[in-house]
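Residue numbers (the UniProt record's numbering): 1 to 353.
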Amino acid sequence: MTRRENYLSLVRRQGYERIPYSFSMCPSLSARYNEYCARTGFKAEFCETYIPAIAPRRVEHERYKQYYAGINFKPGTVIDDTGVAHEPGSEAAFHMTRMYHPMENFDSVDQVLDYPFLEYAGADETPLREAVAAAREADLIAVGSMQCTIWETAWYLRSMESLMMDMLSDERMAAAVLDKVTQTAVLRACAYARAGVDVLFLGDDIGMQRSVMMSENMYCEWLKPRLKAVIAAAKAIKPDLIVFYHSCGYVLPFIGHLIDAGVDVLNPVQPECMDFAEVHARYGDRLSFHGTIGTQTTMPFGTPDEVRRVVFTNLDIAGAKGGLLPAPTHLLEPEVPVENVIAYIKACEDYAH
Numbered sequence: 001m002t003r004r005e006n007y008l009s010l011v012r013r014q015g016y017e018r019i020p021y022s023f024s025m026c027p028s029l030s031a032r033y034n035e036y037c038a039r040t041g042f043k044a045e046f047c048e049t050y051i052p053a054i055a056p057r058r059v060e061h062e063r064y065k066q067y068y069a070g071i072n073f074k075p076g077t078v079i080d081d082t083g084v085a086h087e088p089g090s091e092a093a094f095h096m097t098r099m100y101h102p103m104e105n106f107d108s109v110d111q112v113l114d115y116p117f118l119e120y121a122g123a124d125e126t127p128l129r130e131a132v133a134a135a136r137e138a139d140l141i142a143v144g145s146m147q148c149t150i151w152e153t154a155w156y157l158r159s160m161e162s163l164m165m166d167m168l169s170d171e172r173m174a175a176a177v178l179d180k181v182t183q184t185a186v187l188r189a190c191a192y193a194r195a196g197v198d199v200l201f202l203g204d205d206i207g208m209q210r211s212v213m214m215s216e217n218m219y220c221e222w223l224k225p226r227l228k229a230v231i232a233a234a235k236a237i238k239p240d241l242i243v244f245y246h247s248c249g250y251v252l253p254f255i256g257h258l259i260d261a262g263v264d265v266l267n268p269v270q271p272e273c274m275d276f277a278e279v280h281a282r283y284g285d286r287l288s289f290h291g292t293i294g295t296q297t298t299m300p301f302g303t304p305d306e307v308r309r310v311v312f313t314n315l316d317i318a319g320a321k322g323g324l325l326p327a328p329t330h331l332l333e334p335e336v337p338v339e340n341v342i343a344y345i346k347a348c349e350d351y352a353h
């Protein structure tokens, strides 16, 4: 099988010849990893490539400034394309920032409707199509990334506290924010589908370390129908589209709802929060998985042998049909030894042999 054929067969639980690997690193670890590769000649061969996001027709940074009147930001603060401000912390915070929410003090639906949301209708999709064609030519999986699909984008704008209060006591305000975000997500997802991506990577953190972030009823009322609408719109254009969904934390009560919404692959199945063997036993006939290698435990604090053992154990659970892309469950942070990154890659390479 080619790299693409192998990847697609594995995530569809139709068998595999090789185990693909994927991971992301913070800047300081990336520098150490690159130094290691330059010194040793080590080279990893990835099978995924991320397609550039569709560019909105316009971004109104000047209009966003009105929502932060009176706030004296630290030097280096950035207002992103959605209007959310990110203020740097101390040197010890590395790449972490403090977030400021432009809609936090809104008290009317009209203010939400007047907000300068990004406009994607009529945006140029040519760069997406060209990037997908290049991925196919290179035998790579084309991935369209839309994490922070609905819930996270909405609370980044409104603040989590305000949005949750809206969901409990001001349904018109909650619906206004979530509907506008969903409309934008549908447009972006459809653009990726028209471009022909293999994978659409969605996600919103709806779990915490030991519990879900909201009740099952609240999730089904506010978030599930909107996620389902995004996926349905994209799959109406490209029925064989594979939808990944990311949520950190404990999400066991939501997994059945995610499957019903159209999710094909769950990421990251955080082992500090859920047992992969249990999750696979309950849902492995209907769902594939991406992740399962702990970034709170194994990757930063385990030995290379322990990393290898976890990769092999989880692949054994998934079985010969596949259905698991083993990967670190989140961004690899500064405390992760480069040796553990190399051990993870080599474990994936060695398992099928």
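The beta carbon of each residue, even a glycine, is placed where N, CA and C say it ideally should be.
Taking residue i as the reference, give the member of the options with the closest Cα.
i	options	result
R4	A277, P328, G15 and E48	E48
Y283	G196, L324, R32 and A154	L324
A318	T2, M1, R13 and A133	R13
H61	A85, A38 and K43	A85
G122	R188, D80, A135 and G41	R188
L241	A352, E216 and A191	A191
E152	C26, M25, E125 and M99	M99
G89	L202, H101, D114 and K74	K74
E125	I54, S169, Y156 and G41	I54
A92	V279, A135, M1 and S28	S28
A234	H246, S247, M214 and A261	A261
S211	A176, S247, I237 and K238	S247
V311	P300, I293, F301 and T303	I293
V71	G207, D316 and H101	Sequence check: residue 71 is Ile here, not Val. Closest option to I71, Cα to Cα, is H101.
K238	R32, R136, R194 and V112	R194
L202	D264, N217, M208 and M165	D264
M165	E104, Y351 and C148	E104
E272	E278, T295 and H280	T295
S159	L252, L331, G83 and A281	G83
P127	A31, A135 and P52	P52
A281	T298, T297, L252 and G302	L252
Y33	E349, I345 and D350	I345
Q209	E45, M274, E130 and A131	M274
Who are the Cβ neighbours of residue i in its own chain at under 6 Å, not counting the five residues just before and after it?
i	result
E119	P56 and R57
P116	E60 and R63
N267	F244, H246, H290 and G291
M167	A174 and W222
H257	K224
L10	Y16 and G322
P300	E335 and V336
L8	none
E216	P253
R129	A195
Given a threshold of 16 other Cβ atoms within 10 Å of its Cβ, counted over all protein chains shown, does residue i qualify as buried or as exposed?
i	result
D66	Note that residue 66 corresponds to Gln in the displayed sequence, not to Asp. Looking at its Cβ environment, which holds fewer than 16 other Cβ atoms inside 10 Å, Q66 is exposed.
N6	buried
N314	buried
F106	buried
T40	exposed
V78	exposed
S169	exposed
T2	exposed
R172	exposed
M96	exposed
A176	buried
G207	buried
A134	exposed
G76	exposed
A31	exposed
A131	buried
S288	buried
Below 8 Å on the Cβ atoms is my guess for residue i versus residue j; work out the distance and round it to an integer in Å.
i	j	result
Y219	F254	6 Å
V269	G291	5 Å
Excluding sequence positions up to five away, which residues of its chain have a Cβ less than 7 Å from the Cβ of residue i?
i	result
R286	I259
Y50	V143 and S145
D80	H86
A347	V307, R308, V311 and F312
P304	E339, N340 and A343
L113	A176
C37	K43
A154	L163, V177, L178 and V181
A232	G262
R298	The sequence given here has Thr at residue 298, not Arg. So the list reads E306, V307 and V310, once near-sequence residues are dropped.
Near residue i, what residues of its chain come up, given a Cβ to Cβ distance below 8 Å and the 5 sequence neighbours on each side ignored?
i	result
residue 404	The requested residue 404 is not part of the displayed model; the chain covers only 1 to 353.
K321	R13, Q14 and G15
C26	F94, H95, L331, L332, E333 and P334
A352	Y16, E17, R18 and I19
- Would you call the stretch 190 to 198 and the stretch 125 to 145 in contact, with 3 or more CB pairs under 8 Å? yes
- Does the stretch 326 to 341 come close enough to the stretch 21 to 40 to have 3 or more Cβ pairs within less than 8 Å? Here the stretch 326 to 341 lies against the stretch 21 to 40, with 3 or more beta-carbon pairs under 8 Å apart.
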